[in-house]
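There are 2 protein chains.
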Amino acid sequence: MVKARPGGRTAAVRAAVLRATEDLLIDAGLAGLELPAVAERAGVGTSTVYRRWGSVPALITDMLCDMAERSVPRADTGSLRGDLRANAALVRRTLSAPREGRLFRAIIAAAASDDATAQALAVFYDRRVAEWANCVHDAVVRGEAPERTDAEAVIRQVSAPLYYQSLTATKPLTTRDATRAADAALAAVAAGVFSPARRPGS
Amino acid sequence: MVKARPGGRTAAVRAAVLRATEDLLIDAGLAGLELPAVAERAGVGTSTVYRRWGSVPALITDMLCDMAERSVPRADTGSLRGDLRANAALVRRTLSAPREGRLFRAIIAAAASDDATAQALAVFYDRRVAEWANCVHDAVVRGEAPERTDAEAVIRQVSAPLYYQSLTATKPLTTRDATRAADAALAAVAAGVFSPARRPGS
Numbered sequence: 001m002v003k004a005r006p007g008g009r010t011a012a013v014r015a016a017v018l019r020a021t022e023d024l025l026i027d028a029g030l031a032g033l034e035l036p037a038v039a040e041r042a043g044v045g046t047s048t049v050y051r052r053w054g055s056v057p058a059l060i061t062d063m064l065c066d067m068a069e070r071s072v073p074r075a076d077t078g079s080l081r082g083d084l085r086a087n088a089a090l091v092r093r094t095l096s097a098p099r100e101g102r103l104f105r106a107i108i109a110a111a112a113s114d115d116a117t118a119q120a121l122a123v124f125y126d127r128r129v130a131e132w133a134n135c136v137h138d139a140v141v142r143g144e145a146p147e148r149t150d151a152e153a154v155i156r157q158v159s160a161p162l163y164y165q166s167l168t169a170t171k172p173l174t175t176r177d178a179t180r181a182a183d184a185a186l187a188a189v190a191a192g193v194f195s196p197a198r199r200p201g202s
Numbered sequence: 001m002v003k004a005r006p007g008g009r010t011a012a013v014r015a016a017v018l019r020a021t022e023d024l025l026i027d028a029g030l031a032g033l034e035l036p037a038v039a040e041r042a043g044v045g046t047s048t049v050y051r052r053w054g055s056v057p058a059l060i061t062d063m064l065c066d067m068a069e070r071s072v073p074r075a076d077t078g079s080l081r082g083d084l085r086a087n088a089a090l091v092r093r094t095l096s097a098p099r100e101g102r103l104f105r106a107i108i109a110a111a112a113s114d115d116a117t118a119q120a121l122a123v124f125y126d127r128r129v130a131e132w133a134n135c136v137h138d139a140v141v142r143g144e145a146p147e148r149t150d151a152e153a154v155i156r157q158v159s160a161p162l163y164y165q166s167l168t169a170t171k172p173l174t175t176r177d178a179t180r181a182a183d184a185a186l187a188a189v190a191a192g193v194f195s196p197a198r199r200p201g202s
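Residue numbers (our numbering), protein chains in the order written: chain A, 1 to 202; chain B, 1 to 202.
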């Protein structure tokens, strides 16, 4: 899901610190995340970490900001079905990757008990969703989706079953699960569930 | 979402211990869950807790078993839309209730880092999903849903957006979110996304 971090000396310190933050979150959750431990794992001075980040919430916020910056841009396959399937495939790959999948589950777990993490995580998803929502905006312009379709809700709808399965079931996510998540969202779009004007049954 | 626990002396001890388990999970997560602490909070002897449950995984498994036993049975409104909306409304109420919502998020957080909890949680959802899947089976019989519709997948599809929002966003869940989750799943059912025979676009 992510690209390599940019180079440079300051960037290298940031990369090492954020990588250490991810490692500690994966290994021990929020309880194991303390600035001295991050500094030690990153191989940088504790004072650097205190000066530059100062607190665990600031560190988590920067980690999620970095993850958003390095995220894969939206697909542009020419059809809404193609774009939503590409998004679903990306979410599946991310949640299924050994390190990234554990990292996302660890961050979501941390957010469940910590308001600052929950806030930073919500901002991360808002950015990711806004990026992919353009697929839906383009589909409306092409006449593939009803006017005033709630683009952000459609993108979240694609991700939801994959995250839900990843968090509440022990079955691995399959490519079929991803395709179905995309197609289910598309069917709801076509039925007008995400566009108030044509919303059925209410 | 849940009914009161049954009465009786042994049942009263179990109720106190499971309630204390829930409290500790909510307050401190899995890290704060130790049998002596549970016994103290429940006001029962430590030896009772060790003899009857023996380990934290056993305690969590029994807690989830108890939650499944006390869960509200499936709706039977006479239509699939009515039943799925009732399910979505129930999920929304559960996740929005101060204590229950925090408990579910705490258990999901615990499952993210602990295999035994993940296993017990998966069993819990399998039971809940099987109970509500009967709504879909009945709808197939009534001709409201295609033959061979994957009933379990439909029920999970209704819950998924509500859990996803509860775990990754800071906006409270609204009744409109619940209605939309049900209607989106219904649209996908009608389009054949959950029934291989009529599955479109693949």
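C-beta atoms are modelled at their ideal positions from N, C-alpha and C, and glycine is treated no differently.
None of the values given here were measured: they were computed from a predicted structure.
CB contact below 8 Å: residue i versus chain C
i         : result
Ala109(B) : In the displayed structure, chain C is absent; the protein chains listed are A and B.
Cβ-based burial, residue i [other Cβ within 10 Å; buried from 16]
i         : result
Ser202(B) : Here the model assigns Ser202(B) a pLDDT of 46, short of 50, so the residue's position is not dependable, and the following value carries that caveat. Looking at its Cβ environment, which holds fewer than 16 other Cβ atoms inside 10 Å, Ser202(B) is exposed.
Ala112(A) : buried
Val193(B) : buried
Asp115(A) : exposed
Pro172(B) : exposed
Thr94(B)  : buried
Ala191(B) : buried
Ser166(A) : buried
Thr179(A) : buried
Glu69(B)  : exposed
Val49(B)  : buried
Thr12(A)  : Residue identity check: residue 12(A) is Ala in the sequence provided, not Thr. Label assigned to Ala12(A): exposed.
Arg51(A)  : exposed
Proximity test, Cβ basis, 8 Å: residue i and chain A
i         : result
Val193(B) : yes
Pro172(B) : no
Ala118(B) : yes
Ser202(B) : Low confidence applies here, because Ser202(B) scores a pLDDT of 46, under 50, leaving its location unreliable and the question unanswered by this model.
Leu35(B)  : no
Arg19(B)  : no
Arg127(B) : no
Leu167(B) : yes
Ala160(B) : yes
Distance between beta carbons of residue j and residue i, contact taken as under 8 Å
i         : j         : result
Ala151(A) : Ala133(A) : 4 Å
Ala97(B)  : Ala182(B) : Contact doesn't hold; Cβ gap of about 19 Å is too wide.
Leu103(B) : Leu30(B)  : Actually they do not touch by this definition, with Cβ atoms about 13 Å apart.
Arg92(A)  : Val129(A) : No, Arg92(A) and Val129(A) are not in contact; Cβ-Cβ is about 17 Å, not under 8 Å.
Cutoff 8 Å: residue i Cβ touching any chain B Cβ
i         : result
Asp183(A) : yes
Ala188(A) : yes
Ala75(A)  : no
Arg14(A)  : no
Arg156(A) : yes
Gly78(A)  : no
Arg198(A) : Since pLDDT at Arg198(A) reaches only 46, below the 50 mark, its modelled position is unreliable, and the value read off the structure follows with that caveat. Taking Cβ atoms only, chain B never reaches closer than 8 Å to Arg198(A), which makes this a no.
Leu121(A) : yes
Gly29(A)  : yes
Ala180(A) : It is worth fixing the name first, because residue 180(A) is Arg in this sequence and not Ala. So, interface residue.
Ser113(A) : yes
Three-pair Cβ contact test at 8 Å for the region 175-194 of chain A versus the region 21-36 of chain B: Not touching, per the Cβ criterion.
Residues in the region 84-105 of chain A having any Cβ partner in chain B nearer than 7 Å: Of all residues in the region 84-105 of chain A, only Arg105 place a beta-carbon less than 7 Å from a beta-carbon of chain B.
Residues, ordered as in the chain, of the region 37-65 of chain B that lie near chain A by beta-carbon distance below 8 Å: Hits within the stretch: zero.
Under 8 Å (Cβ pairs) to chain B, residues found in the region 135-152 of chain A: The residues in question: there are none.
Segment contact flag, the region 133-142 of chain A with the region 83-100 of chain A, C-beta cutoff 8 Å, min 3 pairs: In the pairwise beta carbon analysis, the region 133-142 of chain A is classified as touching the region 83-100 of chain A: at least three pairs are separated by under 8 Å.
At least 3 beta-carbon pairs within less than 8 Å: the region 55-68 of chain B vs the region 120-127 of chain B: Taking one beta carbon from each stretch, the region 55-68 of chain B and the region 120-127 of chain B have 3 or more pairs nearer than 8 Å; the two touch.
Given 8 Å, three or more beta-carbon pairs between the region 49-61 of chain A and the region 14-31 of chain A: Short answer: they touch.
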